[in-house]
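In UniProt numbering, the protein residues as written are 1 to 338.
Glycine included, every Cβ here is placed at the ideal spot set by N, Cα and C.
Read through the structure below, which is laid out as structure tokens, and then see the notes.
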Amino acid sequence: MKTDDLEELMTSNRITGFSMAYMEDGHSLQSFCMGYADQVIRSPIDTSTAFHACSVSKFVTALLSLILFSKDNLSLDTNVNDLLRKWKLDDRIYNAPSLRQLLQHQGGIIDPEHSFPTLPHNSASFSTAKILEGTTIACSKRIVTEYEPGTVFSYSDAGYMIVQLALEDAYQQPFHVLMKKHVFEPLGMMDSSYHETLRRPFAYGHQNLNPIPNLYPYYPYDAACGLWTTPIDLMKLVDAFHRALQGFPSTIIDNKVATEMLQPNATIPHVGSGVFLDTTMGVAEYSALGWGEGFQCLLAGKPETGDALVCMINTNPGKHQMEGFLGDIYKRSSLASI
């Protein structure tokens with residue numbers, strides 16, 4: 001894609017800045033960035049500028065869960081209450097879900113209204129268990145199963161926070177420490193972190209070319225939507241994921257882990273663990289989308305061909321990814337031409 005085309009797309013979509021990484025045919029990773037990390041000082045974005053990944057965080061969370069469970073010969077179909085220590089789901093009416101059901105948004109969990117918002121930067125810190133108990137400004141209602149797990153798809157941040165607590169309880173370490181040890185450090189994802197360790201350079205969020213209040217969002221929900229990262233770092237993970245699927249495992253992702261992540265749900269075949277699945281173009285594609293205050297992003301890949309794209313913007317465009325700037329980038333990529 002020509003630079004002039006990108007500038008025109010950014011202008012017409014009122015995008016402050018963006019960064020992307022892509023691979024074609026599984027060949028070398030390439031990257032490109034343009035625009036500003038913030039509209040006021042107008043500091044330029046570079047490839048090390050971290051963006052808020054929003055719900056693309058769930059893709060990384062699902063991989064961490066599979067990596068840990070594979071390493072310790074544990075099953076994703078384990079009842080999550082068997083892993084939880086500090087807090088448990090009430091299972092008197094409905095069974096508690098498995099980790100797999102939570103990762104596939106079929107845990108019987110419905111996020112309470114107005115839950116999991118962005119919070120002021122000076123908010124008091126609180127544990128994952130307290131969030132799920134419904135005793136904080138992050139969530140004012142205790143999380144419960146609303147219907148039998150495995151029967152209905154319901155996209156849920158709360159479900160991923162239960163996954164976070166299950167991992168923290170099972171491994172006796174904070175979630176961000178587990179992620180750094182088992183994913184970020186082995187893959188050299190040096191520009192990836194959570195709010196606990198966030199440092200410059202990172203992009204500020206914008207809407208209509210204006211900085212959002214507080215300049216950047218604070219979502220203290222690491223597993224669900226707390227990741228700050230770069231397209232290059234995410235592509236390192238995608239590349240290792242694709243190689244594992246093709247029979248070339250990395251030090252952390254083997255073929256079993258990668259295959260299980262793309263295993264479709266029996267009743268809802270377009271859902272994997274942390275990803276959505278699509279075969280309408282004849283070649284299997286997975287994707288993860290993120291959309292939050294001041295940011296939006298898209299991750300997509302086709303393991304069979306080795307094509308992949310990660311694109312992140314520090315703008316909330318107010319429309320679905322495929323209807324705006326990110327969709328325009330996707331439609332011009334090798335993914336759309338297959």
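Compare the Cα-Cα distances from residue i to each of the options and report the closest residue.
i: Ala124; options: Asp328, Gly292 and Tyr218; result: Tyr218
i: Val271; options: Tyr204, Phe18, Gly150 and Ile93; result: Gly150
i: Ala258; options: Phe248, Ile252, Ala244 and Ile268; result: Ala244
i: Asp91; options: Gln207, Leu76, Leu103 and Ile109; result: Ile109
i: Ser31; options: Thr279, Ala50 and Ser19; result: Ser19
i: Gln246; options: Asn95, Val177 and Gly306; result: Gly306
i: Arg63; options: Phe184, Pro317 and Asp328; result: Checking the sequence, you will find Leu at residue 63 rather than Arg. Here the closest residue by C-alpha is Phe184.
i: Val275; options: Pro264, Asn265 and Ala288; result: Ala288
i: Ile93; options: Thr230, Cys33 and Glu148; result: Glu148
i: Asn314; options: Pro186, Arg200, Thr197 and Tyr216; result: Tyr216
i: Glu304; options: Glu8, Thr16, Phe241 and Thr197; result: Phe241
i: Ile15; options: Met235, Pro211, Pro112 and Ser70; result: Pro211
i: Pro220; options: Leu66, Ser98, Phe59 and Thr136; result: Thr136
i: Arg199; options: Ser65, Thr229, Lys181 and Trp291; result: Thr229
i: Glu146; options: Ala138, Pro97, Leu29 and Gly188; result: Pro97
i: Ile253; options: Arg85, Glu113 and Lys71; result: Lys71
i: Lys236; options: Met34, Arg42, Phe51 and Val60; result: Val60
i: Pro112; options: Arg142, Leu102, Ser65 and Leu103; result: Arg142
i: Ala129; options: Leu9, Ser65, Gly318 and Arg85; result: Arg85
Applying the 10 Å Cβ sphere with the 16-neighbour rule, what's the burial state of residue i?
i: Arg100; result: buried
i: Gln172; result: exposed
i: Ser115; result: buried
i: Met190; result: exposed
i: Lys331; result: exposed
i: Tyr22; result: buried
i: Ser12; result: exposed
i: Leu209; result: exposed
i: Tyr122; result: First, the residue type needs correcting, since residue 122 is Asn and not Tyr in the sequence shown. Counting Cβ neighbours within 10 Å, Asn122 comes out exposed, since fewer than 16 surround it.
i: Asn73; result: exposed
i: Asp239; result: buried
i: Ala266; result: exposed
i: Thr118; result: buried
i: Val80; result: buried
i: Ser140; result: exposed
i: Ile162; result: buried
i: Ser55; result: buried
i: Asp5; result: exposed
i: Ile290; result: As written in the sequence, residue 290 is Gly, which differs from the Ile given in the question. Classification for Gly290: buried.
i: His320; result: exposed
i: Pro105; result: The sequence shown places His at residue 105, rather than the Pro named in the question. Burial call: buried.
i: Pro120; result: exposed
i: Lys181; result: exposed
i: Ile329; result: buried
How close, in whole Å, do the beta carbons of residue i and residue j come, if the pair is a contact with beta carbons under 8 Å?
i: Leu262; j: Leu277; result: 7 Å
i: Ala335; j: Glu285; result: Strictly speaking, residue 335 in this sequence is Leu, with Ala absent from that position. Sure, about 7 Å apart at Cβ, within 8 Å.
i: Thr49; j: Phe175; result: With 8 Å as the limit, Thr49 and Phe175 do not qualify as a contact, their Cβ atoms being about 24 Å apart.
i: Leu167; j: Ser57; result: Contact doesn't hold; Cβ gap of about 14 Å is too wide.
i: Ile45; j: Ala37; result: 5 Å
i: Leu76; j: Ala170; result: Not really, about 13 Å apart at Cβ, beyond 8 Å.
i: Ala224; j: Tyr160; result: 4 Å
i: Asn316; j: Gln207; result: 5 Å
i: Phe126; j: Ile268; result: Incorrect: roughly 33 Å between the Cβ atoms, too far for contact.
i: Pro231; j: Val310; result: 4 Å
i: Trp87; j: Glu133; result: 6 Å
i: Asn255; j: Pro249; result: 6 Å
Quick one: grab the DSSP three-state call for residue i.
i: Val271; result: strand
i: Asn81; result: helix
i: Ile253; result: coil
i: Asp328; result: helix
i: Glu285; result: strand
i: Ala336; result: coil
i: Ala266; result: coil
i: Ser19; result: strand
i: Leu9; result: helix
i: Leu89; result: coil
i: Asp278; result: strand
What beta strand (DSSP E) runs, 3 residues minimum, are completely inside the stretch 28–73? 30–35
Which complete alpha helix (DSSP H) runs does the stretch 99–165 hold, if anything under 4 residues is left out? If we require 4 residues or more, the alpha helix (DSSP H) runs fully inside the stretch 99–165 come out as 99–103 and 128–133.
Could you tell me which whole alpha helix (DSSP H) segments of length 4 or greater appear in the stretch 172–248? As far as the stretch 172–248 is concerned, its whole alpha helix (DSSP H) runs of at least 4 residues are 175–179, 222–225 and 231–245.
Which runs of the beta strand (DSSP E), 3 residues or longer, sit entirely within the stretch 296–329? 307–313
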